[in-house]
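Numbering (numbering that gives the first Met the number 0), first residue to last: 0 to 362.
No residue lacks a Cβ here, since even glycine has one placed at the ideal position from N, Cα and C.
Only a predicted model underlies this, so the values are computations on that prediction, with no experimental measurement involved.
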Amino acid sequence: MKKSLVTAGLTALLAISMTACSNNTTGTTGSTTTQPPASSSSSTAPASSSSTKAAASGYSLVPKDTNGDGLITLGFAQVGAESGWRTANTQSYKDYFVEKNGFKLVFADANQDADKQKQDVRDLIAQGVEVIDLAPVTDSGWEPVLQEAKNAGIPLIVSDRQLSVSDDLYLTYFGGNMKQEGDNAVKWLEDYIAKNNVTGPINIVHLQGTMGSTAQKGRSQALTDALAKHSDWKVVYEQTGEFTQAKGQEVMESFLQQNKDFNVIYSENDDMTYGAIDAMKNAGKDPKAPIIISFDGNKSAVQMVIDGYIDVIAECNPLLGPQVGDLIKKAKAGETIPKITYSVEGVIDSANAAEKIKTAFGS
Ligand code: GYE
Numbered sequence: 000m001k002k003s004l005v006t007a008g009l010t011a012l013l014a015i016s017m018t019a020c021s022n023n024t025t026g027t028t029g030s031t032t033t034q035p036p037a038s039s040s041s042s043t044a045p046a047s048s049s050s051t052k053a054a055a056s057g058y059s060l061v062p063k064d065t066n067g068d069g070l071i072t073l074g075f076a077q078v079g080a081e082s083g084w085r086t087a088n089t090q091s092y093k094d095y096f097v098e099k100n101g102f103k104l105v106f107a108d109a110n111q112d113a114d115k116q117k118q119d120v121r122d123l124i125a126q127g128v129e130v131i132d133l134a135p136v137t138d139s140g141w142e143p144v145l146q147e148a149k150n151a152g153i154p155l156i157v158s159d160r161q162l163s164v165s166d167d168l169y170l171t172y173f174g175g176n177m178k179q180e181g182d183n184a185v186k187w188l189e190d191y192i193a194k195n196n197v198t199g200p201i202n203i204v205h206l207q208g209t210m211g212s213t214a215q216k217g218r219s220q221a222l223t224d225a226l227a228k229h230s231d232w233k234v235v236y237e238q239t240g241e242f243t244q245a246k247g248q249e250v251m252e253s254f255l256q257q258n259k260d261f262n263v264i265y266s267e268n269d270d271m272t273y274g275a276i277d278a279m280k281n282a283g284k285d286p287k288a289p290i291i292i293s294f295d296g297n298k299s300a301v302q303m304v305i306d307g308y309i310d311v312i313a314e315c316n317p318l319l320g321p322q323v324g325d326l327i328k329k330a331k332a333g334e335t336i337p338k339i340t341y342s343v344e345g346v347i348d349s350a351n352a353a354e355k356i357k358t359a360f361g362s
């Protein structure tokens, strides 16, 4: 496989011979990091460490069967249906939060609208659900709504993406460490460049997720940190593709029209990666030429690693339902649960894609 500096014009200026792919080891999707409890009262802005933190003092609500029907009613304030990751995430909640596991599910879809989602949570409070799980579209402006949930005596769990609020406003966070995922991707690129003696500028097309989501902030921050370390790395284009395939394609098309050189695409989810690849194909560019870095690990994306389109995927596990359910049960039983639990995630590249595809989520 050859990776080359793609010129926006007709010629490829620099051919990079790819002799072997990086051999990064990966974590196990689905497992979590653990660390002994330690006290914490700090806020949990975008994730910056891969540890678990113990419950902060100041949050005393525990899940209860308040209506005595023998089930816990979970109100799930979901982001939307923008991606394959999201579809798998929703399905994992719908599969797990059922009567046989001791739950009822009330589902609210924010359609990627942060304001609507605040109303969704208020509606869940008004309905008197017994626990709320919030997967926040963006991380800011949540204090009043979380205070309302707390005042109503409804424990609130944050999942998938984090919040910039004081951690005495929620019971626990469960999900990926987005900065770590970005760091995993960057490390892979650094190793790749070193192993393959890549010289010359690294011109990066940066497709960002939903601006203001911690998934975007953490992954973008990792790239910003890398740029500060590597003087020959440059972002030649940066635009949000809102985590959707359609928007990913659209922004990549507008970039290609600028006729600029690029040799790396850093795309903050698989769906935008699919869109970017389609845009290159439609423009008559070889989608296998640039180094493509993606996030999530949908089955089709892992197949594209095998087929040589995508070079690396930083994993992000969407199958959170059973693990959130477990935390609720533990908290209900009076156990102290960690304030933050991050999924353990690694990378998928040509070294492990054939293995990883066997357990990949989605289609
Ligand atoms: O990477 C993306 C989705 O918040 C981790 O949201 C999630 C991100 C995921 O739309 O595909």
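| request: Can you tell me which of the three DSSP states Thr-272 falls into? | output: As a first step, residue 272 is located in the sequence shown; it is residue number 273 there, counting from the start. Correct three-state label for Thr-272: helix.
| request: Would you kindly report the start and end of the unbroken alpha helix (DSSP H) that includes Glu-252? | output: As a position in the sequence shown, residue 252 is number 253, starting the count at 1. Start and end: 244 to 255.
| said: Does Lys-287 pass the burial test, meaning 16 or more other C-beta atoms within 10 Å, or should it be called exposed? | reply: For this step, residue 287 is matched to residue 288 along the sequence shown. Burial call: buried.
| task | In angstroms with no decimal places, state the Cα-to-Cα distance between Val-120 and Leu-170. | result | For the purposes of this step, residue 120 is taken as the residue at position 121 of the sequence shown. For the purposes of this step, residue 170 is taken as the residue at position 171 of the sequence shown. Straight-line Cα distance between these residues: approximately 15 Å.
| message | Helix, strand or coil, according to DSSP, for Ala-107 in the structure here? | response | Sequence index remark: in the sequence shown, residue 107 carries index 108 (1-based). Strand, per DSSP.
| task | Taking only the alpha-carbon atoms, compute the straight-line gap between Thr-198 and Asp-270 and give it to the nearest angstrom. | result | Within the sequence shown, numbered from 1, the residue matching residue 198 stands at position 199. Within the sequence shown, numbered from 1, the residue matching residue 270 stands at position 271. If I take the Cα positions, the gap works out to 30 Å.
| Sequence-distant residues of the same chain with beta carbon closer than 8 Å to Gly-333, five excluded per side | The sequence position of residue 333 within the sequence shown is 334, counting from 1. Cβ neighbours of Gly-333 beyond the five flanking positions: Val-61.
| message | To the nearest angstrom, how far is the alpha carbon of Gln-322 from that of Cys-315? | response | Along the sequence shown, one-based indexing puts residue 322 at 323. Along the sequence shown, one-based indexing puts residue 315 at 316. Pairing Gln-322 with Cys-315, the inter-Cα distance amounts to about 15 Å.
| If you follow the alpha helix (DSSP H) that Thr-86 is part of, which residue opens it and which one closes it? | Start at 1 with the first residue of the sequence shown, and residue 86 comes out as number 87. 83 to 95 is the span of the alpha helix (DSSP H), which, as asked, contains Thr-86.
| said: For Thr-72, which residues in the same chain have their Cβ closer than 7 Å to its Cβ, ignoring the five residues on either side in sequence? | reply: Indexing the sequence shown from 1 puts residue 72 at position 73. Closer than 7 Å at the Cβ level, and outside the excluded window around Thr-72, lie Lys-103, Val-105, Val-128, Glu-129.
| said: Classify Met-279: buried if its beta carbon has 16 or more other beta carbons within 10 angstroms, exposed otherwise. | reply: Stepping through the sequence shown from its first residue, residue 279 is reached at position 280. Met-279 is buried by the Cβ-count criterion.
| field | Spatial distance of Glu-237 from Leu-206 (CA atoms) | value | For the purposes of this step, residue 237 is taken as the residue at position 238 of the sequence shown. For the purposes of this step, residue 206 is taken as the residue at position 207 of the sequence shown. Taking the straight line from one Cα to the other gives about 6 Å.
| field | Closest by C-alpha distance to Gly-175, when choosing among Arg-160, Ala-151, Lys-186, Leu-168 | value | Position 176 of the sequence shown, counting from 1, holds the residue named residue 175. Among Arg-160, Ala-151, Lys-186, Leu-168, the Cα nearest to that of Gly-175 belongs to Arg-160.
| Considering only the beta carbon of each residue, do Gly-247 and Ser-219 sit closer than 8 Å? | Here residue 247 refers to the residue found at position 248 of the sequence shown. Here residue 219 refers to the residue found at position 220 of the sequence shown. For Gly-247 and Ser-219, no; Cβs fall outside 8 Å.
| task | Let me know the alpha helix (DSSP H) ranges lying completely inside the region 164 to 230, each 4 residues or longer, listed in chain order. | result | 177 to 194, 213 to 228
| request: Would you tell me roughly how many angstroms separate the C-alpha atoms of Ile-339 and Tyr-172, rounded to the nearest one? | output: The residue given as residue 339 occupies position 340 in the sequence shown. The residue given as residue 172 occupies position 173 in the sequence shown. Whole-angstrom Cα-Cα distance: 5 Å.
| said: In this structure, how does DSSP classify Pro-414 when only helix, strand and coil are distinguished? | reply: In this structure the chain extends from 0 to 362, so residue 414 is not present and cannot be described.
| message | For a test of the three-state rule: what should DSSP assign to Gln-356, helix, strand or coil? | response | As a working note, residue 356 is residue 357 in the sequence shown. According to the sequence provided, residue 356 is Ile. The question's Gln does not apply to it. Helix at Ile-356.
| Are the Cβ atoms of Ile-131 and Ile-156 separated by less than 8 Å? | Here residue 131 refers to the residue found at position 132 when the sequence shown is read from its first residue. Here residue 156 refers to the residue found at position 157 when the sequence shown is read from its first residue. For Ile-131 and Ile-156, yes; Cβs fall inside 8 Å.
| query | The alpha helix (DSSP H) spanning Ala-330 covers which residue range? | reply | In the sequence shown, the residue the question calls residue 330 occupies position 331. Counting along the chain, the alpha helix (DSSP H) containing Ala-330 begins and ends at 320 to 331.
| query | Which whole-angstrom value describes the C-beta separation of Thr-209 and Gln-116, a residue pair presumed to lie in contact below a C-beta threshold of 8 Å? | reply | Mapped onto the sequence shown, residue 209 falls at position 210. Mapped onto the sequence shown, residue 116 falls at position 117. About 12 Å separates the two Cβ atoms, so there is no contact after all.
| field | Integer Cβ distance of Ala-107 from Gln-77, believed to fall under 8 Å | value | To locate residue 107, count along the sequence shown from 1; it is residue 108. To locate residue 77, count along the sequence shown from 1; it is residue 78. Sure, about 7 Å apart at Cβ, within 8 Å.
| request: Check whether the Cβ atoms of Ala-300 and Ile-312 sit closer than 8 Å, and answer yes or no. | output: Locating residue 300 in the sequence shown gives position 301, where the first residue counts as 1. Locating residue 312 in the sequence shown gives position 313, where the first residue counts as 1. Ile-312 is positioned such that its CB atom lies closer than 8 Å to that of Ala-300.
| Local conformation of Asp-297 per DSSP, three classes | Here the question's residue 297 lines up with position 298 in the sequence shown. In the sequence as presented, Asp is not what sits at residue 297; that position holds Asn. If DSSP states are grouped into helix, strand and coil, Asn-297 belongs with the strands.
| said: Are the CB atoms of Glu-344 and Phe-242 within a distance shorter than 8 Å? | reply: As a working mapping, residue 242 is identified with position 243 in the sequence shown. As a working mapping, residue 344 is identified with position 345 in the sequence shown. Contact: no.
| Would Ser-342 be called buried (16 or more neighbouring beta carbons within 10 Å of its own) or exposed? | For the purposes of this step, residue 342 is taken as residue 343 along the sequence shown, with counting starting at 1. Buried is the call here.
| task | Please report how far the alpha carbon of Thr-427 lies from the alpha carbon of Asp-295, in whole angstroms. | result | There is no way to answer for residue 427, as the model of the chain reaches only from 0 to 362.
| How long is the line joining the alpha carbons of Ile-347 and Phe-96, rounded to whole angstroms? | What you label residue 347 is simply residue 348 of the sequence shown in a count that begins at 1. What you label residue 96 is simply residue 97 of the sequence shown in a count that begins at 1. Rounded to whole angstroms, the gap between the alpha carbons of Ile-347 and Phe-96 is 30 Å.
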